[in-house]
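Chemist:
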Amino acid sequence: MANSPGSNPISHGSSLGAPLLIPSKEPGWDSGPGSEPQKVCIDDMLQNYCGEFGYWQLKHFVLTSLAWALEAFHTMVMIFADRDPGWRCVGGLGCDEKESNVCGLEPGSWEWEGGPGSSTVAQWGLVCGQKYKVGLVQALFFGGCMIGAGVFGHLSDSKLGRKGSLTAVCILNAMFGCLTSLAPDYSTYLLLRFVTGFSTGGVGLCSFVLATEPVGPTKRGVAGMSTFYFFSTGIALLSGIAYIFPSWRALYVASSIPSILFLVLVVPFISESPRWYLVRGKMNEAMKIMRTIANANGHHLPDGVSLALDDEANDASNGNQIWKAATVEKEAISGSIVDVIRSPITRIRLFLAVGINFTCSVVYYGLSLNVVNLETNLYLTVLLNAVAEMPAFTITAVLLDKFGRKPLAIGTQWFSAIFCFMGSLTGNVGISKVIRMCCGLLGIFGMAGTYNLLFIYTAELFPTVVRNAALGSATQAAQMGAILAPFVVILGGGFPFLVFGVCGLIGGMLASYLPETLNKPLYDTMTGLEEGELA
1 MANSPGSNPI
11 SHGSSLGAPL
21 LIPSKEPGWD
31 SGPGSEPQKV
41 CIDDMLQNYC
51 GEFGYWQLKH
61 FVLTSLAWAL
71 EAFHTMVMIF
81 ADRDPGWRCV
91 GGLGCDEKES
101 NVCGLEPGSW
111 EWEGGPGSST
121 VAQWGLVCGQ
131 KYKVGLVQAL
141 FFGGCMIGAG
151 VFGHLSDSKL
161 GRKGSLTAVC
171 ILNAMFGCLT
181 SLAPDYSTYL
191 LLRFVTGFST
201 GGVGLCSFVL
211 ATEPVGPTKR
221 GVAGMSTFYF
231 FSTGIALLSG
241 IAYIFPSWRA
251 LYVASSIPSI
261 LFLVLVVPFI
271 SESPRWYLVR
281 GKMNEAMKIM
291 RTIANANGHH
301 LPDGVSLALD
311 DEANDASNGN
321 QIWKAATVEK
331 EAISGSIVDV
341 IRSPITRIRL
351 FLAVGINFTC
361 SVVYYGLSLN
371 VVNLETNLYL
381 TVLLNAVAEM
391 PAFTITAVLL
401 DKFGRKPLAI
411 GTQWFSAIFC
421 FMGSLTGNVG
431 ISKVIRMCCG
441 LLGIFGMAGT
451 YNLLFIYTAE
461 LFPTVVRNAA
471 LGSATQAAQM
481 GAILAPFVVI
491 LGGGFPFLVF
501 GVCGLIGGML
511 ASYLPETLNK
521 PLYDTMTGLE
531 EGELA
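Residues in the sequence shown are numbered from 1 upward in steps of one, following UniProt numbering.
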């Protein structure tokens, strides 16, 4: 950690030379002998003084998690905007509606149902030899997500903060989404979807961290896993929006307006994370939020209690602190993905988290694309798929604090793998077709539970100073899996199920090497993590 110009922190046993907390002279606190304030970390302050999940955290959690619905809008809008619309014969010459596609039909003998503005496929003729361009748009969108997750993961840990980064990505999403509706040609559309992916990649991780960091340790697991209800709800709402706005250009505008409403109506009522303030050296702001949390929850935060980073709180409890009454501003502590790789503890965790997120994403997105058609319209199909994931979220949330993160991460992936292997052994005719469909649905049910668990598990594996950077790397790996999934599905037959089963099996094996984080403290610094894990 580099010292700021003019700073002169005093080392107190930390291997990284962490700067001292310099407490303020709050009203009612005497800095004289025998009245030293108590230094506690944020988790202890939440548990003992502020409340772990009271009214303040509930309101903040709901408001912040609404951003997940925005991510669902900008991600899943491609299902409707890039759909292959129906077609019909006109004139009757050189046209046979029994044909499965229009590739062999005479030009002018058929037309798109809903007209050329119904989708990008109809607008620019993305069929037959041009059909690959639809997949290319999807791949580049997730490629943009992969880059954006890393960039905004770093920015939210450093200068912009959690709230600042979330605000930035919502502004960009609203702007890029509206511009996409004006795309004059395919190339422009492709570029705009890429940059939309870039900003969308930061929405989920910034929202997740901001929503869960002020929650106490015993409530954080269930709260973190509840964020995905907002994503599934967003998909369900999008199906209704798409039904109301059948034109792809109007749909992009309609799916971008909620981002503008979020910026105007929600963001002003969201607070920055006190943990980010703490590691950035802004003790006044961190304590102000903690007092607000305590008051809103009907608790009282004594004047003699002060925040400290976890490594400082450990030193204080051992009697090693040196106090100076002056100002509460202290040196900002920052970290990056380089610090994660540098530490042997976090390096192993990062590599495992990246591998698990990659394999999980291949299975989740692959099964979503490979699932048997429910023989209903597109809007109802998307709605049912979104609703079908919610029981998995509920079950994993209920079992999370009973069995722990690690057993659930292993179990849900292997549950999915078992049914994927079964699906690879069944045929695709008669009753076998129904069995394969059920295997696919149960496979995605298990992997949806894993996806729900991975965010909270990954967040708890890393300290505050690098949490979003690590989450960004894991999200990047997930986006790589999302890019690969469509190419696996194209292979057809039982082979995709075999690939998904292998990925689920490998993901569960990787999870077995991760440590359990149930009821463990959410560390603030690399030093605190290393000291806590080695204690």
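Yeah, the Cβ is synthetic: ideal placement off N, Cα and C, and Gly gets one too.
Output needed for Ile-147: all residues of its chain with C-beta closer than 6 Å, excluding positions within five of it in sequence on either side, in chain order.
Modeler: Hits under 6 Å: Phe-198.
Chemist: Determine the contact status of Cys-89 and Trp-110, defining contact as a CB-CB distance below 8 Å.
Modeler: Contact: yes.
Chemist: Taking the DSSP output, what are the residues bridged to Arg-88?
Modeler: Looking at the DSSP assignment, Arg-88 forms a beta bridge with Glu-111.
Chemist: Evaluate the contact criterion for the region 440–449 versus the region 121–131: three or more CB pairs, one atom per stretch, below 8 Å.
Modeler: Counting Cβ pairs under 8 Å, fewer than three are found: no touch.
Chemist: Rounding to the nearest angstrom, what Cα-Cα distance links Cys-170 and His-74 in this structure?
Modeler: Roughly 11 Å between the two C-alpha positions.
Chemist: Exposed or buried, which one is Asp-185 when buried takes at least 16 other CB atoms within 10 Å?
Modeler: Per the 10 Å Cβ criterion, exposed.
Chemist: Do Leu-367 and Gly-481 have their C-beta atoms closer together than 8 Å?
Modeler: Contact: no.
Chemist: Over what stretch of residues does the beta strand (DSSP E) that includes Leu-307 continue unbroken?
Modeler: It spans 305–307 - the beta strand (DSSP E) in which Leu-307 sits, taken as one unbroken run.
Chemist: Taking only three categories from DSSP, how would you classify Val-429?
Modeler: Residue state, collapsed to three classes: coil.
Chemist: Do Leu-210 and Ser-273 have their CB atoms nearer than 8 Å?
Modeler: Yes, the pair counts as a contact, with Cβ atoms nearer than the cut-off.
Chemist: Per DSSP, which residues does Val-266 bridge with? Please list them.
Modeler: Val-266 pairs with nothing; no bridge assigned.
Chemist: Tell me the DSSP secondary structure of Lys-133 in three-state form.
Modeler: Helix at Lys-133.
Chemist: May I ask you to report which of helix, strand or coil DSSP gives Val-489?
Modeler: Residue state, collapsed to three classes: helix.
Chemist: Which residues share a DSSP beta bridge with Val-354?
Modeler: DSSP, once it has assigned bridges, lists no residue as partnering Val-354.
Chemist: Any beta-carbon of chain B closer than 8 Å to the one on Pro-258?
Modeler: Looking at the structure shown, chain B is missing, and only one protein chain is on hand.
Chemist: Mind checking which residues open and close the beta strand (DSSP E) that includes Lys-59?
Modeler: Counting along the chain, Lys-59 falls outside any beta strand (DSSP E), though it belongs to the alpha helix (DSSP H) covering 55–81.
Chemist: Which residue marks the beginning of the alpha helix (DSSP H) containing Val-40, and which one marks its end?
Modeler: Segment 38–40 is the beta strand (DSSP E) holding Val-40; no alpha helix (DSSP H) there.
Chemist: Is Lys-282 helix, strand or coil when you go by DSSP?
Modeler: In this structure, Lys-282 counts as strand in the three-state DSSP scheme.
Chemist: From which residue to which residue does the alpha helix (DSSP H) around Glu-389 run?
Modeler: Here the alpha helix (DSSP H) through Glu-389 covers 378–403.
Chemist: Pull up the distance between the alpha-carbon of Ser-165 and that of Gly-108, whole angstroms please.
Modeler: Approximately 50 Å between the Cα atoms of the pair.
Chemist: Quick check on Phe-141: does DSSP put it in helix, strand or coil?
Modeler: Helix.
Chemist: Here's the rule: buried if 16 or more other CB atoms are within 10 angstroms of the residue's CB, otherwise exposed. What is Ile-244?
Modeler: By the neighbour-count rule (16 or more Cβ atoms within 10 Å), Ile-244 is not buried but exposed.
Chemist: If you reduce the DSSP assignment to three classes, tell me which class Gly-51 lands in.
Modeler: Three-state result, Gly-51: coil.
Chemist: Leu-190 and Val-127 - do their beta-carbons sit closer together than 8 Å?
Modeler: In this structure, Leu-190 does not lie closer than 8 Å to Val-127 by Cβ.
Chemist: Could you check the C-alpha separation between Ile-257 and Leu-408 for me, to the nearest Å?
Modeler: Cα to Cα, the separation comes out at about 37 Å.
Chemist: If we call anything under 8 Å between Cβ atoms a contact, is Phe-142 one with Ile-483?
Modeler: Yes.
Chemist: Would residue 577 and Ser-207 be called neighbours here (beta carbons separated by less than 8 Å)?
Modeler: Residue 577 falls outside the range modelled here, since the chain spans only 1 to 535, and no answer is possible.
Chemist: What does the alpha-carbon distance come out to for the pair Thr-120 and Ile-348?
Modeler: About 44 Å.
Chemist: Using a 10 Å radius around the Cβ and a threshold of 16 neighbouring Cβ atoms, would you call Thr-188 buried or exposed?
Modeler: By the 10 Å Cβ count, Thr-188 comes out exposed.
Chemist: Using only the alpha-carbon positions, how far apart do Ile-456 and Met-225 sit?
Modeler: Cα to Cα, the separation comes out at about 7 Å.
Chemist: Compute every distance between the C-beta of Leu-237 and the non-hydrogen atoms of the ligand FMN, then say whether any falls below 7 Å.
Modeler: You won't find the ligand FMN in this model; it holds no ligand whatsoever.
Chemist: Measure the C-alpha to C-alpha separation of Cys-41 and Leu-307 and round it to an integer number of angstroms.
Modeler: The straight-line gap from Cα to Cα measures roughly 6 Å.
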